[in-house]
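Single-structure report; data block below.
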Amino acid sequence: MSIHSSTNSPKSPSINDKNDNDNIVLPASEFSPSPTKMAHYTFPSSPDCALDLFQQQKPLAKQKQQTIMEIIFPIRFVILALSLGCLSLIVANSLALNFTVICMHKELPSLMTENGGGDLHWEWTILTNTNISSSNNEETSKEQQLESMFTVDEQSWLFSAIAIGQLIGTLPITYFMTNIGLRKMFTLYGLTSSFSTLFIPISIDFAGFPGLMFMRILQGVSLATVMVVTGAVSAEWSPLSSAGVFLTILTINYQLGPITAMPLAAALCSSETFGWESIYYLLGILTFIGFAIFFYFFRDTPREQKLVSVRELAIIEKGKIIEKCQKQEGSPKERIPYKAIFLDPVFWAITASNATANMAFLVFWQYGPLYLNKVLGIEVAETGIAAALPYILSTFVKLIAAQISDRFNCISEKCKVILFASVSQYVMCCCFLALALLPKMGFMNVMFMQCMFTASTVFSGLNAVGVIKSTHLVSRQFSHVLFSWDTLTHSIVSLLLPLGINFLTPTHSVDEWANVFLFVTACNMVGTTFFNIYAEVEPREWTKGHITKTSLTYPESIGTVEEGKKFGLPLPQLP
């Protein structure tokens, strides 16, 4: 193998036949390049050659000095942090109402008294219809008044509005990903989340329940991108050797969202100075700023980000050269093999497990604050901390599990996926059974019930290195398709779950919630077992078929001599 470079030819040099001697031929004048005249390495001309080159030069690469930026702050970690922050804000925006619905009443009597009802016509109408204008000194009358802001049915529809929005938002995602790219698509959805959150207090003032319902649907539209972006960013920016950690960190948005929204909502709801409206203004502004930074810095692939060094690009793309080769300009657009995907039992095992796991997770993700406040009787200020605590613990458990998943090589990758999926879902089922059966047996302890609530949420996070990791590994470049389908099932479950819980728990009693836990446990056991039977981790055949059907020209990565040194290439040899 030899690498030739000449400043006399405008054409970029390339890697020649593998049977050549391992010599690098450059003119003598190029051995010490001037600032205005530098030789170029060109690599690779084939995927195998690129991998061989990387493997042969790896020991030398470790000996080369690296820039401070590469050592301390690799660009892929900046992308990871930005993506995680934006995803978490979208989740937090959709969850804020799940808490503030408990305390929105705190502002109504004060506003009515100060403004005389003139500026808040809709709230004044509700208050007069309940005939409680003369009962300000009676605490029980106040409680009835507060509950009347949104009826039980209206609360159910407000929770379901997120699912309706997700269904709407999921439909064009694949089209947007193909035509405008991940960066523009995610920014568009993120700004939708920002403005819909900012306008929630205003929509309630001017349009009441219908206005709030519309804003909730827009929040749901934005939430449809969460799993798709998680899979796409991980597929493009994570090295295969650390895919589990990268993917798991991105899925922490489901924990960071509640951690952000719940304590903030509790503090601001309890504040006489700010009130519940301030949580929406704060989250909306933070979301706008976050996505402005994301749009400025993020690129769809590492090759498009100029700050990514040759060495970091090699680390990211090691083992993924074949997947990258057809994304060059002039190559035909990749067709999505929907038929092969839908005929694959692995796809349906993943779908079934995700649907039932989402059902179990959403019970407390959507209804956690209501369960703690209405069923267990925990005060509003304490509910925010109690609702956020499981997600804080789940974050640490996820990170530990991701490290174990990537570094524990005593068992196969398939066994690890099945192990984490089983521990995650079966332990959660045990917690649900305890919440359902022990009260029926006469054992009712608030502290124990809260511990079971916390444990079920913590163990659900392990599924990131279970079913979700399997989804990423088997789908590779089509991960956005499977994650879009997961978002669709998530939306359907989110839409039906509030209706089912509203039907089963009209008074939010312990016995009524026991029936919910039993039903969810049965479904989750079936879905997880189905996944364990058909679980796989190797790329499916439908991820490989497109390579043999197209005539591909492998891309070339061109770098200067100095960049070649960072990559680990030896110094050029004189002829």
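The sequence shown begins at 1 in UniProt numbering and counts up by one. Where is the CB? At the ideal position from N, CA and C, for every residue including glycine.
Separation of I533 and P201 (C-alpha to C-alpha, rounded to the nearest whole angstrom) is 48 Å. About 7 Å separates the Cβ atoms of E538 and V474, confirming a contact at the 8 Å cut-off.
Under the three-state reduction of DSSP output, L497 falls in the helix class. Distance check between L283 and each of A514, V481, V91 and H490 places V91 closest, using alpha-carbon atoms only. Just so you know, the alpha carbons of P345 and E541 end up roughly 12 Å apart.
Just measuring C-alpha positions, the residue of A207, Y391 and Y367 sitting nearest Q155 is Y367. Annotated three-state conformation of K544 is coil, per DSSP.
Nearest neighbour of L191 by Cα position, chosen from L223, A349 and F206, turns out to be L223. Counting only the Cα atoms, K416 lies some 11 Å from V423. Shown here for F364: same chain residues with a beta carbon closer than 8 Å to its own, the five before and five after excluded, namely Y371, P390, F453, S456 and T457 in chain order.
Exclusion of the five residues before and after V152 leaves N502 and P506 as the residues of its chain whose Cβ lies within less than 8 Å of its Cβ. Annotation: F291 to Q219 spans about 15 Å, alpha carbon to alpha carbon. The DSSP assignment places complete alpha helix (DSSP H) segments of no fewer than 4 residues inside the stretch 73 to 108 at 75 to 103, in order along the chain. Remark: fewer than three beta-carbon pairs, one from each stretch, lie closer than 8 Å, so the stretch 166 to 182 and the stretch 509 to 523 are not flagged as touching. In this structure, L518 is the residue among L504, F396, L518 and E413 with its C-alpha nearest to the C-alpha of L438.
Going by C-alpha positions, F443 is about 54 Å away from D300. L188 and T197 have their C-alpha atoms roughly 14 Å apart.
Nearest neighbour of V226 by Cα position, chosen from Q425, L399 and G85, turns out to be G85.
Annotation: the continuous alpha helix (DSSP H) that includes R311 extends over V310 to E317. Judged by their CB atoms, I102 and P369 are nearer to each other than the 8 Å cut-off. Within its own chain, the residues whose Cβ lies closer than 6 Å to the Cβ of S479, once the five positions on either side in sequence are excluded, are G231, A235 and H472, listed in chain order.
Three or more Cβ pairs closer than 8 Å define a contact, and the stretch 304 to 321 falls short of that threshold against the stretch 478 to 492. The criterion of a C-beta distance shorter than 8 Å is satisfied by A96 and A265. Annotated three-state conformation of V481 is helix, per DSSP. Out of I79, N373, T487 and P258, the CA that lies nearest to the CA of L393 is found in P258.
Residue A357 holds the alpha-carbon nearest to the alpha-carbon of F531 among I404, F459 and A357. Taken in chain order, the whole alpha helix (DSSP H) runs of length 4 or more contained in the stretch 247 to 318 are 253 to 269, 277 to 297 and 310 to 317.
Residue state for L191 is assigned as helix, using DSSP reduced to three classes.
Residue environment for M185: buried (at least 16 other C-beta atoms within 10 angstroms of its C-beta). One Cα belongs to W276, the other to M104, and the distance between them is close to 6 Å. The alpha carbon of S160 has as its nearest neighbour, out of I400, Y426 and I217, the alpha carbon of I217. C410 and I404 have their C-alpha atoms roughly 11 Å apart.
The DSSP-derived three-state label of G466 is coil. DSSP places H508 in the coil class of the three-state scheme, outside both helix and strand. At the C-beta level, N515 and L504 come within 8 Å of one another. Assignment of C410 by DSSP, reduced to helix, strand and coil, places it in the coil class.
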